[in-house]
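Written below as structure tokens is the structure these notes are about.
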Amino acid sequence: MSGTSLDAVDVVAVSFEPQLQLHAQASFELPEQIKEDVLTLCSSGDDEIEKLGHLDISLAKLFADCCLKLISQASGNLSVDDIVAIGLHGQTIRHRPNNWPKNNFSLQIGDANTVAEESGILTVADFRRRDIAAGGQGAPLVPAFHANVFHSAASNRVILNIGGMANITLLPADSQQPLLGFDTGPGNVLMDAWIHQHRGLAYDANGDWANSGKILPALLQQLLELPFFSQSIPKSTGREQFNLIWLEQALLNTNDNLCPEDVQRTLLELSAVTICNEIEKHQFSKAELYVCGGGAHNQLLIQRLQQLLPNAKAVTSTAALHLDPDWVEATAFAWLARQTLLGLCSNSATVTGARGERILGAIFQA
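Just so we're aligned: the sequence shown equals residues 588 to 953 in this note's numbering.
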């Protein structure tokens, strides 16, 4: 799994019977050149097809190598023969679920043919496009997994994934109620980009830099006026919307006295407020809230969630539900691959807006 944060490739070896069990896990840093190439392709530019073709294979070789490294690092407890399949998300370079009057699409690269060939392991990939073909957003796909492993008949739960983007899954205790899940907006993506631009760091550890600044009310209000935040569900988003170009345009339009750390604090507040606004809008503010993804380690962000949702029964990480927050999303795509191999549907029509549930993914033999 490599998400919009572009921080690393997360790999897990997991089994699901008789119950979910992680056997090995590792995070491999993305090479800087590949990261730069991905960011270049995420925006319109020259010679895109040539760049895409090259990067498609480079990423695939990296993904296969990461999987093989995980197996070799598992202290002799795993071999290639033990692995039924690789569930490959790929790297999203463009996500256009609301592209009218043009066609909707979502494009992930990291050629699954190459992954299967290089690893010698059957590979399942291309999970999003069937949902889009069925009229859905193609995202988020993890809510069906969240419902499978995190549902409780005793209490309403919110599963909040804070990666580059933030998305929530609303799990009603009454399983007869519809499953809902959607992107709320930026998670870490703007904070990561801003601190990298001003301090050369990949991310704001614990939110410490943001904590040294103050909220800029005029800037926050302007950012909150983006139509996406008031858009009804289903909805999903990505770097196409939330990027430094969008932020810098907003900075030009505000009269605030702008210090970089104040902008960082405001970006953290934007993530927190937009997450909590959606939870309140859907009447889950008294539910248990479990956080996963890199944002689960941002102490200031978690503190703001607790303050903005004072009636929540709990605000903690998915570790309390026996799944480390760093490995939830990678585990979800292993589960999606399993669903494909079993011939089972894995999207949720109430989440993505698809015409119905579909078997997602394509199978690439070793």
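Quick reminder that beta carbons are idealized off the backbone N, C-alpha and C, glycines included. Just so you know, these numbers come straight off a predicted model, no measurement behind them.
Just the Cα atoms here: how many angstroms apart are residue i and residue j?
i           : j           : result
residue 747 : residue 863 : 10 Å
residue 702 : residue 677 : 10 Å
residue 941 : residue 699 : 25 Å
residue 903 : residue 935 : 25 Å
residue 950 : residue 723 : 21 Å
residue 798 : residue 817 : 28 Å
residue 819 : residue 946 : 26 Å
residue 659 : residue 921 : 19 Å
residue 829 : residue 810 : 10 Å
residue 729 : residue 687 : 25 Å
residue 628 : residue 832 : 15 Å
residue 858 : residue 885 : 12 Å
residue 636 : residue 642 : 10 Å
residue 787 : residue 630 : 21 Å
residue 793 : residue 952 : 42 Å
residue 770 : residue 614 : 24 Å
residue 892 : residue 766 : 22 Å
residue 645 : residue 782 : 27 Å
residue 750 : residue 777 : 11 Å
residue 881 : residue 589 : 12 Å
residue 710 : residue 675 : 7 Å
residue 649 : residue 795 : 32 Å
residue 632 : residue 764 : 45 Å
residue 689 : residue 887 : 40 Å
residue 712 : residue 618 : 22 Å
residue 933 : residue 803 : 42 Å
residue 823 : residue 691 : 12 Å
residue 623 : residue 894 : 37 Å
residue 869 : residue 909 : 26 Å
residue 929 : residue 606 : 16 Å
residue 925 : residue 762 : 23 Å
residue 813 : residue 704 : 44 Å
Mind reading off the beta-carbon distance from residue i to residue j? Whole number of angstroms is fine, and I expect it under 8 Å.
i           : j           : result
residue 896 : residue 876 : 7 Å
residue 657 : residue 721 : Not really, about 33 Å apart at Cβ, beyond 8 Å.
residue 621 : residue 654 : Their Cβ separation, rounded to whole angstroms, is 16 Å, which puts residue 621 and residue 654 out of contact at 8 Å.
residue 753 : residue 774 : 4 Å
residue 918 : residue 948 : With 8 Å as the limit, residue 918 and residue 948 do not qualify as a contact, their Cβ atoms being about 16 Å apart.
residue 755 : residue 867 : That pair is no contact at about 11 Å.
residue 838 : residue 845 : 6 Å
residue 923 : residue 732 : 7 Å
residue 760 : residue 741 : 6 Å
residue 639 : residue 696 : 7 Å
Taking the DSSP output, what are the residues bridged to residue i?
i           : result
residue 755 : 747 and 769
residue 903 : 877
residue 950 : 711
Tell me which residues share the same chain as residue i and place their Cβ nearer than 6 Å to its Cβ, disregarding the 5 neighbours each side in the sequence.
i           : result
residue 738 : 758
residue 889 : none
residue 939 : 718, 723, 724 and 821
residue 670 : 708
residue 661 : 611
residue 597 : 588, 614 and 917
residue 954 : Outside the shown range of the chain (588 to 953) lies residue 954, about which nothing can therefore be said.
residue 847 : 785
For residue i, collect the residues of the same chain with a Cβ closer than 7 Å to its Cβ; drop the 5 residues on either side in sequence, then sort them by chain order.
i           : result
residue 871 : 743, 745 and 757
residue 616 : 595
residue 779 : 592, 789 and 790
residue 801 : 849 and 852
residue 706 : 651, 654, 655 and 673
residue 807 : 853, 856 and 857
residue 667 : 658, 707 and 708
residue 604 : none
residue 943 : 721 and 936
residue 565 : The question about residue 565 has no answer, for the chain in this structure spans 588 to 953.
residue 634 : none
Cutting at 8 Å between CB atoms, please list the residues of its own chain near residue i, excluding the five before and the five after it.
i           : result
residue 554 : Only positions 588 to 953 of the chain appear in this structure, which leaves residue 554 out of reach.
residue 905 : 737, 746, 877, 878, 879, 883, 911, 912 and 915
residue 901 : 875, 876, 877 and 907
residue 602 : 608 and 610
residue 873 : 743, 898, 899 and 900
residue 861 : 753, 771, 772, 773, 811 and 816
residue 827 : 629, 681, 682 and 683
residue 664 : 610 and 611
residue 784 : 831
residue 841 : 803, 805, 806 and 809
3 or more residues per run - each beta strand (DSSP E) lying fully within the region 662 to 739: 678 to 683, 692 to 696 and 710 to 712
Complete runs of the alpha helix (DSSP H) confined to the region 593 to 666 [at least 4 residues]: Taking only runs of at least 4 residues, the alpha helix (DSSP H) segments lying wholly in the region 593 to 666 are 619 to 628 and 635 to 660.
4 or more residues per run - each alpha helix (DSSP H) lying fully within the region 914 to 946: 915 to 929 and 936 to 939
Any alpha helix (DSSP H) of 4 or more consecutive residues that is wholly inside the region 817 to 866: 831 to 839
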